[in-house]
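Enquirer: Here it is, the structure, as structure tokens.
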Amino acid sequence: MKKVIGAATATIFGLGAFTTTATAETIVTADVLNVREKPTTESKVVEKVKNGQELKVINTEDGWSKIELNGKEVFVSSEFTKDVYHVTANLLNVRTEANTDSEILGRLKKDDVIESTHQVKDGWLEFEYKGKIAYANVSFLSSTAPTEKKTEEKTNQVAKVQKSVKEKKEVKTQKVAKAKETTKAQEIVKPKEEVKVKEEPKAQEIVKPKEEAKVKEEVKAKEEEKAREIARAKEEEKAKEIAKAKEEEKAREIAKAKEEERAREIAKAKEEERAREIAKAKEEEKAQEIAKAKEEERAREIAKAKEEEKAQEIAKAKEEERAREIAKAKEEERAKEVSKNNIQSAKRELTVVATAYTADPSENGTYGGRVLTAMGHDLTANPNMRIIAVDPKVIPLGSKVWVEGYGEAIAGDTGSAIKGNRIDVLMGSKSKAMNWGRKTVKVKIL
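Right, dumping it as structure tokens:
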């Protein structure tokens, strides 16, 4: 039984030089296929061919096959035809690619059948082999089956031998019959030789009807044998047609099964691709959500930081405002006390020891890098101010005074060493301070 193979690649071994083309047997796969004047579906339909009908293809291009039908060149859609090839080599390699260096998927035997819907390219035929795309070298493919030719020749030889045996049998039968007739005639004539002349006409009359009957029987036997041979030949022909129809039906079922399998694989591949796309889309969406969440979290943190910074600034401003209010309240309280003291000690005069000093930071304490008086006067900015440092118990702080040799000044500062009738007078430079030194002078509280 022939082995039918679907679409894949092949080479054979154990053979010498070969060609790179092969003629295929093109068969119609549709139930009814339109035959058109030109290679287009808009062209006129001139004929119809049926499933299993063999076509004489001239060439195939762009999905249309040019065929010769009833002496005319017409066209059919190659989508509804298939090419059938027969393996002529003892063993033919089936390969994964269209070259002799590729992997061998399997091997086909002589008389195996390959069905393909692909065109031959560069000496290789693409077809399906065990569910995979494969290739075979067309140098070892043919449109006719070698085994069918051998079977035909064998049938002819058997018929020839049977005919020869039959002819020999007929000759032998005739010889035996003739010998019997001769013996019988001799037996009849020999005992009665004396009346031979009288008996001969009678014997001839008896033998002649028997010979005619025998000839008729032989003719009848030959006709019956011939009828049996014709009937047997018809039965064999019918059996061949039935076997061929079964093989074609089986081939169609195999091709259909392969097409369905291939369709399932394509559908499965599409489903898997779709699943991958959906998964990818979900991952991208998840990544976007994560990124968005991170952005929102970052925005919240920035907003929170800004709010905290703003709150700190507000708190700082409030603290500064409160500090200023406290300082202002203290200044007002101090001013009230000074005013009170000034009223009490108005036009009071006393003698004190006055020592000169400057606004040099090394001689004074600093606040934020600046020399300030107890009442907040900035001596760094105003080193030539008329300021004296006093003991507030003797001269009220903030009092306006007159110092002998110094002039009018403000009792605006204090000092840890200034007790009782001692004062310090501010000088604009060290030289002036050195010239002043320490003196006993009169002070009037104005």
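FYI, in mature numbering (1 follows the signal peptide of the UniProt record, and there is no 0) the residues of the sequence shown are -24 to -1, 1 to 422.
For every residue, glycine included, the Cβ atom is placed at its ideal position computed from N, Cα and C.
Which of helix, strand or coil does DSSP assign to SER19?
Expert: For this step, residue 19 is matched to residue 43 along the sequence shown. In the structure shown, SER19 sits in coil (DSSP, three-state: anything other than H, G, I, E or B).
Enquirer: Strictly by DSSP, which residues pair up with ASP59?
Expert: Mapped onto the sequence shown, residue 59 falls at position 83. Looking at the DSSP assignment, ASP59 forms a beta bridge with THR2, SER92.
Enquirer: Can you find the residues in the same chain that come closer than 6 Å, C-beta to C-beta, to PRO359, ignoring five residues on each side of it along the sequence?
Expert: Taking the sequence shown and counting its residues from 1, the one referred to as residue 359 is at position 383. ALA335, GLY404.
Enquirer: For LYS312 and ARG274, what's the separation of their Cα atoms in angstroms?
Expert: Taking the sequence shown and counting its residues from 1, one reaches residue 312 at position 336. Taking the sequence shown and counting its residues from 1, one reaches residue 274 at position 298. The alpha-carbon atoms of LYS312 and ARG274 are separated by roughly 56 Å.
Enquirer: Per DSSP, VAL52 forms a beta bridge with which residues?
Expert: The residue you call residue 52 lines up with position 76 of the sequence shown. The partner list for VAL52 (beta bridge, DSSP) reads SER41.
Enquirer: Which of the three DSSP states, helix, strand or coil, is assigned to GLU325?
Expert: Within the sequence shown, numbered from 1, the residue matching residue 325 stands at position 349. Reduced to three states, the DSSP call for GLU325 is strand.
Enquirer: For the alpha helix (DSSP H) that ALA335 lies in, which residues bound it at each end?
Expert: Residue numbering aside, residue 335 sits at position 359 when the sequence shown is read from its first letter. Segment: none, ALA335 is in no alpha helix (DSSP H) and carries neither H nor E.
Enquirer: Using only the alpha-carbon positions, how far apart do LYS376 and ALA293 sit?
Expert: Residue numbering aside, residue 376 sits at position 400 when the sequence shown is read from its first letter. Residue numbering aside, residue 293 sits at position 317 when the sequence shown is read from its first letter. Cα-Cα distance, rounded: 35 Å.
Enquirer: According to DSSP, is ASN113 helix, strand or coil?
Expert: The residue labelled residue 113 in the question sits at position 137 within the sequence shown. In the structure shown, ASN113 sits in a strand (DSSP, three-state: E or B).
Enquirer: Measuring only the C-alpha atoms, how far is LYS415 from GLY345?
Expert: For the purposes of this step, residue 415 is taken as the residue at position 439 of the sequence shown. For the purposes of this step, residue 345 is taken as the residue at position 369 of the sequence shown. One C-alpha to the other measures close to 31 Å.
Enquirer: Which residues does DSSP pair with ILE421 in a beta bridge?
Expert: Counted from its first residue, the sequence shown places residue 421 at position 445. Answer by DSSP bridge pairing, in chain order: ARG324, VAL377.
Enquirer: In the DSSP output, which residue or residues are listed as bridge partners for VAL33?
Expert: Stepping through the sequence shown from its first residue, residue 33 is reached at position 57. VAL33 is bridged to ILE43.
Enquirer: Sort TRP40, GLY28, VAL70 by Cα distance to LYS220 and report the nearest one.
Expert: Against the sequence shown, residue 220 aligns to sequence position 244. Measuring from the Cα of LYS220, the nearest candidate turns out to be GLY28.
Enquirer: Would you call the stretch 83 to 96 and the stretch 62 to 69 touching, i.e. three or more CB-CB distances under 8 Å?
Expert: Yes, they touch.
Enquirer: Is it the case that the Cβ atoms of ALA365 and ASP400 are separated by a distance below 7 Å?
Expert: The residue labelled residue 365 in the question sits at position 389 within the sequence shown. The residue labelled residue 400 in the question sits at position 424 within the sequence shown. Contact: yes.
Enquirer: Between VAL191 and LEU68, what straight-line distance do the alpha-carbon atoms span, to the nearest angstrom?
Expert: For the purposes of this step, residue 191 is taken as the residue at position 215 of the sequence shown. For the purposes of this step, residue 68 is taken as the residue at position 92 of the sequence shown. If you take the alpha carbons of VAL191 and LEU68, they lie about 60 Å apart.
Enquirer: Would you check if there are 3 or more beta carbon pairs closer than 8 Å linking the stretch 113 to 121 to the stretch 254 to 270?
Expert: No, the stretch 113 to 121 is not in contact with the stretch 254 to 270.
Enquirer: When we look at the beta-carbon of TYR343 and count the other beta-carbons within 10 Å, is it buried (16 or more) or exposed?
Expert: Residue numbering aside, residue 343 sits at position 367 when the sequence shown is read from its first letter. Exposed, because fewer than 16 other Cβ atoms sit within 10 Å of the Cβ of TYR343.
Enquirer: May I ask you to verify whether the stretch 47 to 58 touches the stretch 71 to 86, counting CB pairs closer than 8 Å and requiring at least 3?
Expert: Too few Cβ pairs lie closer than 8 Å, so no.
Enquirer: For a test of the three-state rule: what should DSSP assign to ASN10, helix, strand or coil?
Expert: Position 34 of the sequence shown, counting from 1, holds the residue named residue 10. Three-state DSSP puts ASN10 in a strand.
Enquirer: Do you know how far the Cα of SER392 is from the Cα of GLU384?
Expert: Walking along the sequence shown from the start, residue 384 turns up at place 408. Walking along the sequence shown from the start, residue 392 turns up at place 416. Going by the C-alpha atoms only, they are around 23 Å apart.
Enquirer: Report the option in VAL419, TYR111, GLU236, ALA263 whose CA atom is closest to the CA atom of ALA330.
Expert: Sequence index remark: in the sequence shown, residue 330 carries index 354 (1-based). Closest option to ALA330, Cα to Cα, is VAL419.
Enquirer: Report the three-state DSSP secondary structure of VAL395 (helix, strand or coil).
Expert: Locating residue 395 in the sequence shown gives position 419, where the first residue counts as 1. Note on identity: in this sequence residue 395 is Lys, with Val being the wrong assignment. It is coil, neither helix nor strand.
Enquirer: Would you check if the distance between the CB atom of GLU44 and the CB atom of LYS32 is smaller than 7 Å?
Expert: Here residue 44 refers to the residue found at position 68 of the sequence shown. Here residue 32 refers to the residue found at position 56 of the sequence shown. It is a contact, given that the beta carbons lie within the stated cut-off.
Enquirer: Using a 10 Å radius around the Cβ and a threshold of 16 neighbouring Cβ atoms, would you call PRO337 buried or exposed?
Expert: The sequence position of residue 337 within the sequence shown is 361, counting from 1. Under this definition PRO337 is an exposed residue.
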